[in-house]
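In our numbering, the protein residues as written are 65 to 1014. Only one structure is covered here, and it is reproduced in the block below.
Shown next as structure tokens:
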């Protein structure tokens, strides 16, 4: 019985207690007001169950006790009956907990009997005890928060908490959002840093707990490369492995590794560590990860050459043609070996030569064995050389005039079917009229009497001809003279020369057909409109006096034309020979810079003139016929416009023709070099023939030479072109100069016909620009330029195009051939256009210099020499036997500095002459230019050779 109850009852009966105590007793007694009416002594007034409350697990038992409490607060035994709100309880008070989660009341009930029952305020008394169920309410992980390195290990543990606060073991299953964890709670971090979670889920229940994990990246402390040393053969491979490790030496996966080699010439290494042997030697291969590196030392050795194969093993070529042989060294297993030195040799240099790269050139008819050797092992190929048949013979000059008693050297050039010159062939000469002109076995023609003779050169059954007109002077004068110091009152003699105007207007009636007017040295400044005229059989010759320099300067002259045209030729049957026409005015920005030489009459010849620094060098009026411009040097003409340069070397147009442009050297104009053009309805482009000219770097002095639209040669205008030809011309653009090299067909004009043969064209963004033609025959032409477009066919229609035997020196696989706006490889272009089936393309340039010697048609002992120096030799050997007689003194002048020091001179002993190819600084345009003329040597240069007077 509780002590407080008993104490309260006893205090209530104390009689002498203080007031305070009485008050206390009253308060205490009021706790039991509920006891009701007084009971009999010894009877319980309350049933007490012990324990009052208890927590049990399911099926756990608890023995309960019940006792009575009297009114005096004393305990007394009682007999009770037991009941439970859930779960079984015996009548002895043994309770077994059920499996429910709800609290259970265990009740002890006392029933009064006899007198007690009669006097009790209630028949029954009861007491209760509360049974709480023990249950798991939480799963707790340990630790709750951790940080581990990549690959690190952590043991997790778990316990349960019951609602009583007791800790108990609990069965869980583990899962991790990153890394791995065992059923026993052992967590292993992955190789990816970041925040992750480990979750413990109660097995068979719904409780869970989560731990937070931070996986921290481990820094690379070192890198190990394996194998650390290795050997491999050239051309073989070896896979290296790099292992980044932490400071404890543990491997780290997933790290970025970069590879490098100390010697790419010995061994290369891929991004994956694959090493390839390149050449014998030692290389260090380094693997780096996060700033740490490891190395492997690789020794590369050559696989010995066991055999060598040459392909093709047999080949046949023509004389002067080439075939490329290929040597393949092999190892003992027959695998090709790269990077080996191969030497080449021929058994007969007189039959075939072979270069250091295996290019075989046929020399003479016969058979030669070509041997390739590498590391003592050899292979051979048998090359049979056969002669190239002569397909045609060209005689130059094809048309010439000479005086009775004079001589003229003709040159015969046998050619193959592609138009390539053939050397070493026997040529025979014959004349149709020995009474007019004779010809020697070497082609030297001598004038006998006035008339015309056909000279024929024959080689292997093929022939070419030249037409020779022999004239005799009918006048009584050896010549008249003009001088800068002359006057209109002179008589044309050496002592009393005329001024130029008087002389070229007939010398006061004294000049007759067949006469010669000699221009003495000095500078003439008067603008001229010539009226002097000859006849078909007795032309008048206006010529620079031998050994002197006659200069006609437009600066200061007064002209009657709007442009200030300077030297206007209005009399027919006149030949102008050897003097200089120029403009010393330094203003290069005016569009009215004077045109220099104007052909305003028919039957004119301009021979070996030097025409420079004008507006336009030569201009031909379209209504005039039978005009020839031959052997002239034409340079630095034109002016600078705001957008691009203008003003051309030769501006030719013709309504009927013929007009002949032959063997001129045209370079460094502000505009076009040779400009054959007419606006629609302004005269036509008819019967104009361009032969043997050299046109180079025109537009190069433009303010923007890279994008200058000016071409070396333009043929075509607004009127359809017809009846014309181009033959044996040569062009050149320095690197980074020029867009269009040759433009054949202007804009969208529908032209009629043109023949183009044996052009040798180098450079420019586009070598041949082809417009619209009903008939365009191109054969034997060459195009060079490793970065150029060899041919651009601008329009879709090609039915009238006949392209045959042309050669393009450009990688055939490059998308460099243009057609109707599209780009093609060479074979793709042939297929798309349907033309050029016999044309050829090759990537490699020639392996020897190309030299052209073109003797003058009119001046014995003079020739143009053009050199394309493909091998960039310091000097080039040139044969002058067809130009300079043995024993004669000669000079060779670079045309870009014609009045400077000769580049070579001496007495000709026959055979070859050496010409230096270092180049010269080109003479600058008078008044300057936005861009200086480029230096063409050692790649290219043009020269004039002249025989000096004895």
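Where is the CB? At the ideal position from N, CA and C, for every residue including glycine.
Comparing C-alpha positions only, which one of the options sits nearest to residue i?
i, options, result
"residue 697", "732, 817, 290", "732"
"residue 586", "638, 639, 324, 646", "646"
"residue 950", "969, 974, 212, 504", "974"
"residue 828", "282, 254, 769", "769"
"residue 747", "717, 661, 897", "717"
"residue 850", "741, 765, 875", "875"
"residue 745", "739, 704, 243, 687", "687"
"residue 796", "204, 764, 771, 720", "764"
"residue 812", "794, 835, 570, 792", "835"
"residue 397", "381, 325, 371", "371"
"residue 213", "499, 649, 255", "255"
"residue 472", "580, 617, 511", "511"
"residue 830", "841, 805, 173", "805"
"residue 935", "948, 915, 953, 201", "915"
"residue 884", "858, 354, 982", "858"
"residue 701", "724, 707, 708, 736", "736"
"residue 34", "298, 285, 325, 609", "For the chain, the structure presents residues 65 to 1014; residue 34 sits outside this window and is missing."
"residue 359", "741, 350, 367", "350"
Grab the span of the alpha helix (DSSP H) containing residue i for me, first residue to last.
i, result
"residue 890", "890 to 897"
"residue 1026", "Not covered by the structure: residue 1026. The range shown for the chain is 65 to 1014."
For residue i, does the count of other Cβ atoms within 10 angstroms reach 16, so buried, or fall short, so exposed?
i, result
"residue 123", "exposed"
"residue 182", "Annotation note: pLDDT 42 at residue 182 (below 50); position unreliable, coordinate value reported separately. Residue 182 is exposed by the Cβ-count criterion."
"residue 845", "buried"
"residue 247", "exposed"
"residue 743", "exposed"
"residue 277", "buried"
"residue 261", "exposed"
"residue 1006", "buried"
"residue 684", "buried"
"residue 658", "buried"
"residue 87", "Note on residue 87: pLDDT 32, under 50, position unreliable in the model; the coordinate value appears next. Exposed, because fewer than 16 other Cβ atoms sit within 10 Å of the Cβ of residue 87."
"residue 823", "buried"
"residue 130", "buried"
"residue 167", "exposed"
"residue 74", "With a pLDDT of 44 at residue 74, under the threshold of 50, the predicted position of this residue should be treated as unreliable, though the coordinate-derived value follows. With fewer than 16 other Cβ atoms within 10 Å, it is exposed."
"residue 280", "exposed"
"residue 631", "buried"
"residue 965", "exposed"
"residue 100", "With a pLDDT of 44 at residue 100, under the threshold of 50, the modelled position of that residue is not reliable, and no figure is offered here."
"residue 842", "buried"
"residue 755", "buried"
Mind checking which residues open and close the beta strand (DSSP E) that includes residue i?
i, result
"residue 927", "926 to 932"
"residue 968", "968 to 971"
"residue 508", "508 to 511"
"residue 462", "Taken as a continuous stretch (DSSP letters only), residue 462 belongs to no beta strand (DSSP E), as it is neither H nor E."
"residue 882", "881 to 883"
"residue 687", "Looking at the DSSP string, residue 687 is not in any beta strand (DSSP E), and its letter there is neither H nor E."
"residue 1007", "1004 to 1011"
"residue 428", "No beta strand (DSSP E) contains residue 428, which DSSP labels as neither H nor E."
"residue 316", "Unbroken run through residue 316: none, as it is neither H nor E."
"residue 251", "250 to 252"
"residue 271", "Note, residue 271: premise wrong, no beta strand (DSSP E); not H, not E."
"residue 667", "Per DSSP, residue 667 belongs to no beta strand (DSSP E) and is neither H nor E."
"residue 258", "258 to 266"
"residue 771", "It is not in any beta strand (DSSP E) - residue 771 carries neither H nor E in the DSSP assignment."
"residue 1086", "This structure leaves residue 1086 out entirely; the chain is present only between 65 and 1014."
With residue i and residue j assumed to form a contact (beta carbons below 8 Å), what rounded beta-carbon distance in angstroms separates them?
i, j, result
"residue 597", "residue 637", "6 Å"
"residue 439", "residue 489", "Not confirmed; about 43 Å, so no contact."
"residue 779", "residue 818", "7 Å"
"residue 330", "residue 343", "6 Å"
"residue 459", "residue 391", "At roughly 44 Å, the Cβ-Cβ gap does not stay under 8 Å, so residue 459 and residue 391 are not in contact."
"residue 664", "residue 693", "So it is not a contact: roughly 14 Å between Cβ atoms."
"residue 447", "residue 387", "7 Å"
Could you check if residue i belongs to the surroundings of the ligand MG, using beta carbon to heavy atom distance under 7 Å?
i, result
"residue 734", "In the structure on display, the ligand MG does not appear, and there are no ligands present to speak of."
### Message
Just to confirm the assignment: which complete alpha helix (DSSP H) runs, minimum length 4, are found wholly within the region 785 to 847?
### Response
Entirely contained in the region 785 to 847, not one alpha helix (DSSP H) run reaches 4 residues.
#### Entry: Ordered list of beta strand (DSSP E) runs contained in the region 672 to 741, each at least 3 residues
You should have 674 to 676, 682 to 684, 691 to 694, 697 to 699, 714 to 716, 723 to 726, 729 to 731, 738 to 740.
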